[in-house]
Amino acid sequence: MARVAYHGNTVAYGKATAPVKSKGFLSWLHSLPCIVSHVSPVEAAHLSTPNEHYGHLGRAKGRKASDCWALPLSKELHDKQHKGNEMRFWRSHKINPHHAAVVLHNIYSTQGEDGLPHAQQMILRGLFVKPDLIGETE
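Residue numbers (our numbering): 10 to 147.
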């Protein structure tokens, strides 16, 4: 997590502290299908791009974000996510990754293993794909 200083309407991100890790959540996440292609197996794709609206303040250089900001992606798509512009990748798939990460982590946090079928169905039914996605993830 990053330290934040507010100066009027400007947010300054300072020195980072260690990201919060959760082996249980990552294990659960690996049981899900890819959020884009619906295939398995998946890797935990940590979001790098900050989004203050969702409480993601970014990551420190050379560190992954906290595990709550991970999404299930196939290896091929995970590689693509890290090449080029991360948010352009997500927009091309019409997914708001910060929203999806918050929802999936909330399901795990409140339901544990019992939430796995719910999360799987949300992904397989395309509930994270938003045809009318606008620039809220910029």
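The beta carbon of each residue, even a glycine, is placed where N, CA and C say it ideally should be. Since the structure is predicted, the reported quantities are computational estimates derived from the model, not experimental observations.
Length of the line joining the Cα atoms of residue i and residue j
{"i": "residue 41", "j": "residue 51", "result": "7 Å"}
{"i": "residue 111", "j": "residue 64", "result": "9 Å"}
{"i": "residue 84", "j": "residue 49", "result": "9 Å"}
{"i": "residue 98", "j": "residue 135", "result": "17 Å"}
{"i": "residue 39", "j": "residue 89", "result": "18 Å"}
{"i": "residue 67", "j": "residue 93", "result": "17 Å"}
{"i": "residue 33", "j": "residue 57", "result": "21 Å"}
{"i": "residue 96", "j": "residue 125", "result": "26 Å"}
{"i": "residue 91", "j": "residue 123", "result": "31 Å"}
{"i": "residue 130", "j": "residue 113", "result": "12 Å"}
{"i": "residue 73", "j": "residue 62", "result": "19 Å"}
{"i": "residue 100", "j": "residue 82", "result": "15 Å"}
8 Å Cβ cutoff met for residue i and residue j
{"i": "residue 80", "j": "residue 116", "result": "no"}
{"i": "residue 29", "j": "residue 77", "result": "yes"}
{"i": "residue 87", "j": "residue 54", "result": "yes"}
{"i": "residue 132", "j": "residue 47", "result": "yes"}
Within-8 Å CB hit, residue i to chain D
{"i": "residue 83", "result": "Protein chains in the displayed structure number just one, and chain D is not present."}
Residue closest to residue i, alpha-carbon to alpha-carbon, out of the options
{"i": "residue 119", "options": "29, 28 and 37", "result": "37"}
{"i": "residue 35", "options": "127, 100, 130 and 121", "result": "121"}
{"i": "residue 106", "options": "33, 75 and 60", "result": "60"}
{"i": "residue 75", "options": "102, 31 and 96", "result": "31"}
Coarse secondary structure for residue i, derived from DSSP in three states
{"i": "residue 104", "result": "strand"}
{"i": "residue 87", "result": "helix"}
{"i": "residue 60", "result": "strand"}
{"i": "residue 109", "result": "helix"}
{"i": "residue 128", "result": "helix"}
{"i": "residue 80", "result": "strand"}
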